[in-house]
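Some notes on the structure that comes next.
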Amino acid sequence: MIDELLRRQDELQARADAVAADLGLDELLSALGEPVRTGSSAMGLMVVPDLDVTVACPTLDVDAVVGVAARLARHERVRVVRFRKDDGHWNAEPDAYPDGLYLGLTYRESSGTEWNADIWFVDEPARQPDLGHVRELPARLTPETRSAILLIKHSRPDYRSFDVYRAVLDDAVRTPEDYDRWRVTHGQ
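Residues 15 to 202 (my numbering) make up the sequence shown, in order.
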């Protein structure tokens, strides 16, 4: 099972790179700031077709982000583009997260597989949790913990990835059953 999950992760990783390249994300997003791949595609922990990018911007510019959304919406493989303001009074958790603007995409590969892409634009990158995760977590991964994370994420697809990472890396959880117990003891 683990060998198959590792093979699938590597395949998804290559496909995530191809999706990002097809959308021209590096060039498009670099016009607004510094794009950083985050989430499972940045850490080699993919179990589903999902791509996360956070763009560290000098300022939040709604018009510029809407312009990016319009360009992405015209791409032949993009079905859905969602825009959300999460700044000012719209930021529901200003103590936990910086102000941001969000684009969510649904992209369909030629095979018919649909990808979700989450793109955040933030002007206080030091306060953005996913940027901290992508800096800190990879150094903590070992072949054993990587395998445990992939197994748990595959077996429990509805749970938040970061909770799985915490359970495995901080509390030595190694199986889906252990993760279920961890969730109970951690009020999940």
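We put the beta carbon where it would ideally sit given N, CA and C, even for glycine.
Treat the numbers as computed from the prediction; the structure is a model and nothing was measured.
Can you tell me the Cα-Cα spacing of residue i and residue j, whole angstroms?
{"i": "A87", "j": "V94", "result": "7 Å"}
{"i": "R154", "j": "R21", "result": "21 Å"}
{"i": "A70", "j": "S161", "result": "31 Å"}
{"i": "M57", "j": "G102", "result": "31 Å"}
{"i": "W129", "j": "D36", "result": "13 Å"}
{"i": "G126", "j": "A34", "result": "17 Å"}
{"i": "A28", "j": "D17", "result": "17 Å"}
{"i": "V198", "j": "L151", "result": "24 Å"}
{"i": "T189", "j": "I166", "result": "6 Å"}
{"i": "Y193", "j": "E158", "result": "15 Å"}
{"i": "R174", "j": "H168", "result": "12 Å"}
{"i": "W104", "j": "D184", "result": "33 Å"}
{"i": "D109", "j": "P139", "result": "14 Å"}
Based on Cα-Cα distance, which residue from the options lies nearest to residue i?
{"i": "H200", "options": "D177, G47, A30", "result": "D177"}
{"i": "P112", "options": "Y179, A83, T73", "result": "T73"}
{"i": "D24", "options": "P171, A106, M60, D192", "result": "M60"}
{"i": "S54", "options": "W196, P139, T189, P171", "result": "P171"}
{"i": "A30", "options": "L46, A106, P63, G114", "result": "P63"}
{"i": "H89", "options": "R122, D77, Q202", "result": "R122"}
{"i": "R98", "options": "V76, P108, A110", "result": "V76"}
{"i": "A131", "options": "G114, A110, L65", "result": "L65"}
{"i": "T52", "options": "V148, A110, E191", "result": "V148"}
{"i": "T156", "options": "A110, L115, Y179", "result": "Y179"}
Helix, strand or coil: which one does DSSP assign to residue i?
{"i": "T73", "result": "coil"}
{"i": "E123", "result": "coil"}
{"i": "Y193", "result": "helix"}
{"i": "S26", "result": "Ser is not the amino acid found at residue 26; the sequence shown has Leu there. It is helical."}
{"i": "E128", "result": "strand"}
{"i": "E158", "result": "helix"}
{"i": "Y111", "result": "coil"}
{"i": "Y173", "result": "coil"}
{"i": "E48", "result": "strand"}
{"i": "R149", "result": "helix"}
{"i": "D137", "result": "coil"}
Measuring CB to CB, does residue i end up less than 8 Å from residue j?
{"i": "V50", "j": "L145", "result": "yes"}
{"i": "L26", "j": "L164", "result": "no"}
{"i": "V79", "j": "L42", "result": "no"}
{"i": "R96", "j": "L117", "result": "yes"}
{"i": "V187", "j": "I133", "result": "no"}
If we count the other Cβ atoms within 10 Å of its Cβ and call it buried at 16 or more, is residue i buried or exposed?
{"i": "V182", "result": "buried"}
{"i": "G38", "result": "exposed"}
{"i": "W196", "result": "buried"}
{"i": "G137", "result": "Note that residue 137 is Asp in the sequence shown here, rather than Gly. Answer is buried; the Cβ neighbour count reaches 16."}
{"i": "D100", "result": "buried"}
State yes or no: is the C-beta of residue i nearer than 7 Å to some heavy atom of the ligand COA?
{"i": "R29", "result": "With respect to the ligand COA, the structure offers nothing, as it holds no ligand at all."}
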